[in-house]
Amino acid sequence: MNRALGMFEAQSKLWRLASMVQSSGAPVSKWATREIREGQLHVWFHCVGIRVSDQLERLLWRSVPHIIVTSATLRSLNSFSRLQEMSGLKEKAGDRFVALDSPFNHVEQGKLVIPQMRYEPTIDNEEQHIAEMAAYFREQLESKKHHGMLVLFASGRAMQRFLEHVADLRLLLLVQGDQPRYRLVELHRKRVESGERSVLVGLQSFAEGLDLKGELLTQVHIHKIAFPPIDSPVVITEGEWLKSLNRYPFEVQSLPSASFNLIQQVGRLIRSHACRGEVVIYDKRLLTKNYGQRLLNALPVFPIEQPAVPDVIVKPKAKPARRRRR
């Protein structure tokens with residue numbers, strides 16, 4: 001009975017959200033997915049609001065006279081614009097937005113490494129790019145300069161491809177999904193504190209709330225600029241809505257989100273005055289695309305190095321043979 005009541009309550013919330021009219025005019029993203037479970041087809045209906053400013057205004061901003069919102073990642077592209085758009089906060093309404101300088105000396109404590117990659121991390125070049133990344137990572141790991149390392153990926157597919165290239169190093173890697181995150185972090189601490197090398201490997205969630213100070217983390221590897229997934233129903237819905245308003249989704253949605261993600265990822269390195277190390281970003285678009293400099297300008301001021309990448313020969317995967325018709 002309790003399970004049935006819970007299901008009815010969830011359905012009620014779903015339909016209320018689906019029919020909700022936002023004062024901002026923002027639509028609600030709705031889609032369905034299918035899943036085969038124990039031989040039976042299950043259809044799941046999903047609903048996500050792409051703006052929560054109305055709800056925040058009703059439940060929070062209007063109810064509490066004074067609120068302080070603090071975080072190291074409230075800005076993206078050195079601007080509060082994305083936060084204002086998503087939250088409903090506005091300078092014209094008397095809200096104040098203040099950015100404070102970091103207490104850390106990033107120039108002395110770390111550096112940003114952008115290897116001279118031959119390939120951009122696009123879908124067409126993914127195999128070659130991952131192979132280059134794996135070769136440089138292997139070189140860094142075998143140098144034994146760093147005991148605590150973190151490798152962050154933009155997708156599970158790319159992470160699995162990378163693991164295939166470094167299969168012989170698997171015992172050194174603590175990979176997201178192997179065990180609960182808290183357990184992986186605990187094992188990582190024990191390894192580094194006992195003088196061993198240890199590498200945490202994960203997706204964007206490993207760039208959030210991970211606090212490893214000092215020798216526990218001295219090198220962060222970032223697979224690529226993490227733009228929002230173009231096949232996400234929520235991203236598609238917001239993009240179409242922005243186009244209907246004659247706004248450019250890349251500028252309003254994709255680039256600010258990528259900046260936010262990159263700031264979070266880079267922020268894993270320097271967590272205290274005792275932290276030292278480097279951030280390696282395997283994406284040459286930071287140096288070759290017009291938007292690359294804007295992303296860099298939003299990061300802490302690190303010295304930048306551009307080392308060479310080991311030569312890699314990528315064997316093309318054999319295409320499946322076509323069945324001949326008789």
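Numbering (full-length UniProt numbering), first residue to last: 1 to 326. Beta carbons are placed, not taken as given, at the ideal position from N, Cα and C, and that holds for glycine. For clarity, every value in this text was computed on a predicted model and none was experimentally measured.
Exposed or buried, residue i, counting other C-beta atoms within 10 Å across all chains shown (16 or more means buried)?
i, result
"Asp-211", "exposed"
"Asn-290", "exposed"
"Val-301", "exposed"
"Glu-132", "buried"
"Ile-270", "buried"
"His-129", "buried"
"Gly-195", "exposed"
"Thr-237", "buried"
"His-66", "exposed"
"Ser-29", "buried"
What distance in whole Å lies between the Cβ atoms of residue j and residue i, which are believed to be in contact at a cut-off of 8 Å?
i, j, result
"Ser-272", "Lys-213", "5 Å"
"Thr-70", "Ile-263", "Incorrect: roughly 15 Å between the Cβ atoms, too far for contact."
"Leu-152", "Ala-207", "5 Å"
"Val-280", "Gln-219", "7 Å"
"Pro-180", "Trp-31", "Not a contact, Cβ separation roughly 29 Å."
"Ser-143", "Ser-87", "Going by Cβ atoms, the distance from Ser-143 to Ser-87 rounds to 44 Å, so no, they are not a contact pair."
"Ala-154", "Glu-126", "Between Glu-126 and Ala-154 the Cβ distance is about 11 Å, and since that is not below 8 Å, they are no contact."
"Pro-256", "Leu-141", "Not confirmed; about 33 Å, so no contact."
"Gly-292", "Leu-217", "That belief does not hold up - the Cβ atoms of Gly-292 and Leu-217 are roughly 25 Å apart, past 8 Å."
Span of the alpha helix (DSSP H) holding residue i?
i, result
"Gly-214", "Where Gly-214 is concerned, there is no enclosing alpha helix (DSSP H), given that its DSSP letter is neither H nor E."
"Gln-128", "126 to 143"
"Val-107", "106 to 109"
"Arg-285", "285 to 288"
Go ahead and pull the three-state DSSP assignment for residue i.
i, result
"Thr-237", "helix"
"Ile-263", "helix"
"Glu-193", "helix"
"Gly-209", "coil"
"Val-306", "Inspection of the sequence shows that residue 306 is occupied by Gln rather than by Val. Reduced to three states, the DSSP call for Gln-306 is coil."
"Gly-202", "strand"
"Gly-94", "coil"
"Gly-88", "coil"
"Val-166", "coil"
"His-188", "helix"
"Val-220", "strand"
"Ser-232", "coil"
"Ser-79", "strand"
"Pro-121", "coil"
"Leu-245", "coil"
"Leu-100", "coil"
How would you write the range of the beta strand (DSSP E) that residue i sits in, first residue to last?
i, result
"Met-149", "148 to 152"
"Leu-56", "No beta strand (DSSP E) holds Leu-56; the alpha helix (DSSP H) holding it covers 53 to 56."
"Phe-45", "40 to 49"
Which residues share a DSSP beta bridge with residue i?
i, result
"Ala-274", "Answer is none; Ala-274 lacks a bridge partner."
"Ser-29", "Val-48"
"Gln-179", "Gln-176"
"Arg-37", "Gln-40"
"Val-113", "Val-280, Glu-305"
Consider the C-beta atom of residue i and the heavy atoms of the ligand FMN; say whether any pair is separated by less than 7 Å.
i, result
"Gln-109", "As far as ligands go, the structure on display features none, and thus does not contain the ligand FMN."
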